[in-house]
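Protein sequence lines, in the order shown, are assigned to chains A and B. Sequential numbering of the first sequence, starting at 1, is according to the numbering used here. Sequential numbering of the second sequence, starting at 1, is according to the numbering used here. Ideal Cβ positions, reconstructed from N, Cα and C, are used throughout, including at glycine.
Protein chains: 2
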Amino acid sequence: MALSAALTDRLAELQNRGFDTQDCPVRDVMDRVGDKWTALVILVLSIKTHRFSELHRGIPDISKRMLTQTLRELERDGLITRHVYPTKPPSVSYALSPLGQSVLVPLEGLIEWAQKSHAGIRRARERYDAADLAKAA
Amino acid sequence: MALSAALTDRLAELQNRGFDTQDCPVRDVMDRVGDKWTALVILVLSIKTHRFSELHRGIPDISKRMLTQTLRELERDGLITRHVYPTKPPSVSYALSPLGQSVLVPLEGLIEWAQKSHAGIRRARERYDAADLAKAA
DNA sequence: CGGGATCCTGCAAGATACTG
DNA sequence: CAGTATCTTGCAGGATCCCG
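So this is what it looks like as C-alpha cells:
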C-alpha cells in the first residue's frame with residue numbers, strides 16, 4: 001500500500017523545488033485526464049474506431065464544440081489518430097494510437113478503484129452530511 | 001494492453017444506457033481526482049500527516065480558501081481524517097484514511113504513466129504544432 | 001458530414017478582510 | 001493558527017449560425 005520508493009523520492013524532490021506547478025508533467029497529464037470529456041472519449045475509442053458522429057451519438061450530452069476540442073487535444077498529444085476519407089460528404093474516423101492504448105492501463109486502475117470505493121464514499125458522505133446537519137441544528 | 005473483459009462489459013452496458021453522466025460513480029471520482037489540487041494534497045499527505053499551515057507551505061500556490069475546500073471534500077468523501085488539538089492557538093492535523101491510502105495505488109499508476117509518456121507527448125505536440133504552422137502559411 | 005466562428009453565461013477560484 | 005465571508009473575475013463550456 002505504500003508508495004514506491006521512486007515516487008516518494010520524486011515527491012520529496014518536487015517539494016524541495018517548491019512544486020513548480022507550471023512546468024509539471026504530472027499536472028499536465030492530470031489536468032487533461034481530469035477534464036470533463038477526455039477520459040470518456042478515450043474509453044469509447046477503446047471499444048473501436050469511431051467516426052465523429054458516432055462519437056457524438058455515443059456521448060449524448062457532449063456538444064459538437066467540446067467533442068471537436070477534446071479530439072483535437074488528444075490528437076495533438078498523440079493519443080489518437082485522425083483519418084479523413086475524401087468522400088462526400090466527408091467522413092472522419094478517430095482511433096487510439098499506441099500511446100493512447102497505453103493510457104488505458106492506469107485509467108482502468110482508477111476506474112476500478114472508483115467502482116470498488118464508490119459505496120464507501122457514498123456512506124462517508126452521508127455520515128458527514130448527517131453530522132453537518134446535526135451541528136447546524 | 002487490452003482492457004479487461006469486466007471493463008469492456010461495463011462500458012458496453014454504460015453505452016447502452018446512454019452514458020448517464022449524472023449518476024456515474026466513475027465520473028464522480030474522475031471529477032475530483034482531476035480537479036486542480038485534490039491529487040496533489042493526497043500525495044503530500046501520503047508522505048506524512050500534515051497540519052493545515054504545513055500543507056499551505058508545502059503547496060505554495062494554493063490559496064487558503066482552496067486548501068480548505070479541498071480538504072473538506074476529501075474529508076467528506078472519507079479519504080482523509082481531520083483531528084483538532086484543543087490547544088491555543090488551535091492546531092489541526094490531516095491524515096490519509098485507509099480509503100485515502102488505497103487510492104494511492106491507481107494514482108501512482110497514472111503518475112508513472114505521465115512521467116513515462118511525457119517526452120512522447122511533448123514530441124507529438126511539437127510535431128502537431130509545426131504541421132499546424134506550416135498549414136497556416 | 002464534420003467541423004469553424006461567435007456570442008454569451010455560470011461558476012471555479014483568486015484576492016482581500018475578518019474571527020474564535 | 002485555522003479557518004470563514006464577501007467580492008470579483010477569467011474562462012470553460014453551452015447555444016447558435018455558418019460553411020466546404
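Asked: Nonlocal neighbours in the same chain, by C-beta distance under 8 Å from A:T87, ignoring five residues either side; Found: none
Asked: Any C-beta of chain A under 9 Å from that of B:H56; Found: no
Asked: Beta carbon proximity, A:A130 to chain B, threshold 9 Å; Found: no
Asked: Per-residue DSSP class, three states only, for A:I80; Found: strand
Asked: CB contact check: B:M66 to chain A, cutoff 9 Å; Found: no
Asked: Test: A:P86 CB closer than 9 Å to a CB of chain B; Found: no
Asked: Backbone secondary structure at A:S97 - three-state DSSP; Found: coil
Asked: Chain B contacts made by the stretch 92-120 of chain A, where a contact means CB separation under 8 Å; Found: L99, Q101, S102, V103, L104, V105, P106, L107, E108, G109, L110, I111, E112, W113, A114, Q115, S117, H118, G120
Asked: Between the CA atoms of B:L133 and B:S93 - distance to the nearest angstrom; Found: 51 Å
Asked: Three-state class that DSSP yields for A:S91 in the structure shown; Found: strand
Asked: Enclosing alpha helix (DSSP H) for A:D28 [first to last residue]; Found: 25-34
Asked: Exposure label - B:T161; buried when at least 16 CB within 10 Å; Found: Limits of chain B in this structure are 1 at one end and 137 at the other, which puts residue 161 of chain B out of reach.
Asked: Per DSSP, the bridge partner or partners of B:H50; Found: B:Y94
Asked: Three CB pairs or more closer than 8 Å across the stretch 73-89 of chain B and the stretch 74-87 of chain A; Found: no
Asked: Residue environment, B:E126, which counts as buried when at least 16 other CB atoms sit within 10 Å; Found: exposed
Asked: The stretch 42-53 of chain B contacting the stretch 95-109 of chain B, beta-carbon criterion three pairs below 8 Å; Found: yes
Asked: Selection from B:E75, B:T68, B:R51 that minimises the alpha carbon distance to A:R122; Found: B:E75
Asked: Nearest candidate by alpha-carbon position, reference A:E112, set B:R51, B:P106, B:A114; Found: B:P106
Asked: Short Cβ contact (9 Å threshold) for B:L110 with B:I42; Found: no
Asked: Nearest to A:P90 (by Cα), restricted to the options A:V26, A:I62, A:F52; Found: A:F52
Asked: B:M66 versus A:H118 - alpha carbon distance; Found: 24 Å
Asked: Interface flag, B:P90 vs chain A, CB-CB below 9 Å; Found: no
Asked: Cβ shell of A:K64 (< 8 Å), same chain only, five flanking positions each side left out; Found: H56
Asked: Neighbourhood of B:T70 by C-beta distance below 6 Å, restricted to the same chain and skipping five residues each side; Found: W37, T38, V41
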